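Numbering (my numbering), first residue to last: 25 to 168.
Working notes for the structure below.
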Ligand code: HEC
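Shown next as structure tokens:
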């Protein structure tokens, strides 16, 4: 009887795990890391970014913008809060749409959080009595 001998070269076998490791790499092409970033502001270079850069870094660092995430409603409420309390100017409606489109598209709600947020019942007791803090509860918006 003829003996069947596996003829796969050992080096080829050794290459298989490496191939498996490299396989997920193409998906990185869609990660934010591959977007073009303005070296000056750290902002994603895309439609509307110059308008945002021109209007959103006069009072604070661009990093304050780029480190934040949120839905369109959250960005809009932040803008309103800055307009109502921090001296941010009004935008013509079209410009505001451009700004909100840009922020929602590139700094939208996080989808890559590692776990769901904790329930209030799972959090430690808050030493600050938020409910009775009139200054904060008036708007529910960020303080300094
Ligand atoms: C007229 C001044 C001014 C301009 C212009 C301005 N902001 Fe702000 N913004 C503030 C101030 C003041 C704060 C609070 C700063 C702090 O917390 O140190 C703030 C805070 C923020 C925060 C952090 C909010 C938080 O939850 O901590 C974000 C995000 C933000 N601004 C985004 C923007 C965007 C987007 C624009 C452009 C549409 C913009 N800002 C333009 C004054 C401004």
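Using N, Cα and C, we set each Cβ at its ideal position, and we do this for glycine too.
Here the structure is a predicted model, which means the values were calculated and not measured.
On a CA-only basis, which of 124, 146, 147 is nearest residue 72? Give me that one, please. To locate residue 72, count along the chain shown from 1; it is residue 48. That would be 124, whose Cα lies nearest to the Cα of residue 72.
Residue 90 and residue 126 look like a contact to me (Cβ under 8 Å); what is the Cβ gap, rounded to whole Å? In the chain shown, residue 90 corresponds to position 66, counting from 1. In the chain shown, residue 126 corresponds to position 102, counting from 1. Contact flag wrong, Cβ pair sits at about 12 Å.
Any idea if residue 103 is buried or exposed, counting beta-carbon neighbours within 10 angstroms, 16 or more meaning buried? Counting from one through the chain shown, the residue named residue 103 turns up at place 79. Residue 103 is buried by the Cβ-count criterion.
C-alpha gap between residue 84 and residue 119, whole angstroms: As a working mapping, residue 84 is identified with position 60 in the chain shown. As a working mapping, residue 119 is identified with position 95 in the chain shown. Roughly 20 Å separates the two Cα atoms.
Does DSSP put residue 61 in a helix, in a strand, or in coil? Position 37 of the chain shown, counting from 1, holds the residue named residue 61. Residue 61 falls in the strand class under three-state DSSP.
Cβ of residue 68 versus every heavy atom of ligand 1: is any distance shorter than 6 Å? As a working mapping, residue 68 is identified with position 44 in the chain shown. No, Cβ of residue 68 sits at least 6 Å from all heavy atoms of ligand 1.
Is residue 97 near ligand 1, with its Cβ less than 6 Å from a heavy atom? Here the question's residue 97 lines up with position 73 in the chain shown. Outside the cutoff, so no.
Since residue 152 is in the alpha helix (DSSP H), which residue starts that stretch and which ends it? Here residue 152 corresponds to residue number 128 of the chain shown, with the count starting at 1. Looking at the DSSP string, residue 152 is not in any alpha helix (DSSP H), and its letter there is neither H nor E.
Rounded C-alpha distance that separates residue 76 from residue 134: Translated into positions along the chain shown, residue 76 becomes position 52. Translated into positions along the chain shown, residue 134 becomes position 110. Cα to Cα, residue 76 sits roughly 20 Å from residue 134.
Given this structure, state the Cα-to-Cα distance separating residue 111 from residue 65, to the nearest angstrom. Walking along the chain shown from the start, residue 111 turns up at place 87. Walking along the chain shown from the start, residue 65 turns up at place 41. Each residue's alpha carbon lies about 22 Å from the other.
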